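K.L.:
Residue numbers (the numbering used here): 7 to 202.
Ideal Cβ placement from N, Cα and C applies to all residues, glycine included.
Note that this is a predicted model, so its numbers are computed, not measured.
A single structure is presented below for examination.
Right, here's the structure in full:
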């Protein structure tokens, strides 16, 4: 029987994750929200460290040199914002934490590659993540396709105009009937002829 904490953490873990190791060159697809928009950001670099592989809080550090500046990002392996992890290259390393790679640049920073089955390692498919990635892609296509956006906007405006056109007709007929009723109710009684 599992403990209560184990049952709770298993509920939030991903069913299957890529076998990522230190020394791998990985491409991480992350869902990013900017204002009201969502997009997929891809970060490719060397995996320096993988920690607590079996835990819900499993994390890995990816390093990349961009414009001469080293950039390191730490990701949670089971995060719902991580849509996909691709292992591009596997290298031979003899340590778990590659801190020495931070000081190396140029040719000295190269690692010797190891043959591995790329399709087998990257064969993990998360249907929920793939559906989310497809939904974000469709939103981006709609945002960049001006004709589809104009057609959608025109349909919304036509629907709004139809709703507003129906409402005044109903109100106008009510307003026309109300003055007649008020006039009849408030009309003074006809004066009686009391001439002598």
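Of the choices 43, 52, 84, 19, whose alpha-carbon is the least far from that of residue 102?
P.N.:
52
K.L.:
Where residue 166 and residue 153 are concerned, what is the direct C-alpha to C-alpha distance, given to the nearest angstrom?
P.N.:
20 Å
K.L.:
Taking DSSP as the reference, what is the three-state secondary structure of residue 10?
P.N.:
helix
K.L.:
Considering just the uninterrupted stretch of the alpha helix (DSSP H) at residue 141, what are its terminal residues?
P.N.:
133–150
K.L.:
Taking contact to mean 3 or more Cβ pairs, one atom from each stretch, closer than 8 Å, check whether the stretch 103–110 and the stretch 50–68 are in contact.
P.N.:
The stretch 103–110, when compared against the stretch 50–68, does touch it at the 8 Å Cβ threshold.
K.L.:
State the Cα-Cα distance for the pair residue 29 and residue 116, rounded to the nearest angstrom.
P.N.:
10 Å
K.L.:
Starting from residue 126, trace the alpha helix (DSSP H) both ways and give me its first and last residue.
P.N.:
Taken as a continuous stretch (DSSP letters only), the alpha helix (DSSP H) holding residue 126 covers 124–127.
K.L.:
Kindly identify the DSSP beta-bridge partner or partners of residue 80.
P.N.:
67
K.L.:
Tell me whether residue 29 sits in a helix, a strand or coil according to DSSP, three-state version.
P.N.:
coil
K.L.:
Under the assumption that residue 98 contacts residue 35 (Cβ atoms under 8 Å), give the Cβ distance between them as a whole number of angstroms.
P.N.:
Their Cβ separation, rounded to whole angstroms, is 26 Å, which puts residue 98 and residue 35 out of contact at 8 Å.
K.L.:
Which of helix, strand or coil does DSSP assign to residue 204?
P.N.:
Outside the displayed span of the chain (7 to 202) sits residue 204, for which this structure offers no information.
K.L.:
With 16 as the cutoff for other CB atoms within 10 Å, does residue 150 come out buried or exposed?
P.N.:
exposed
K.L.:
Buried or exposed, going by whether 16 or more other CB atoms sit within 10 Å of the CB of residue 147?
P.N.:
exposed
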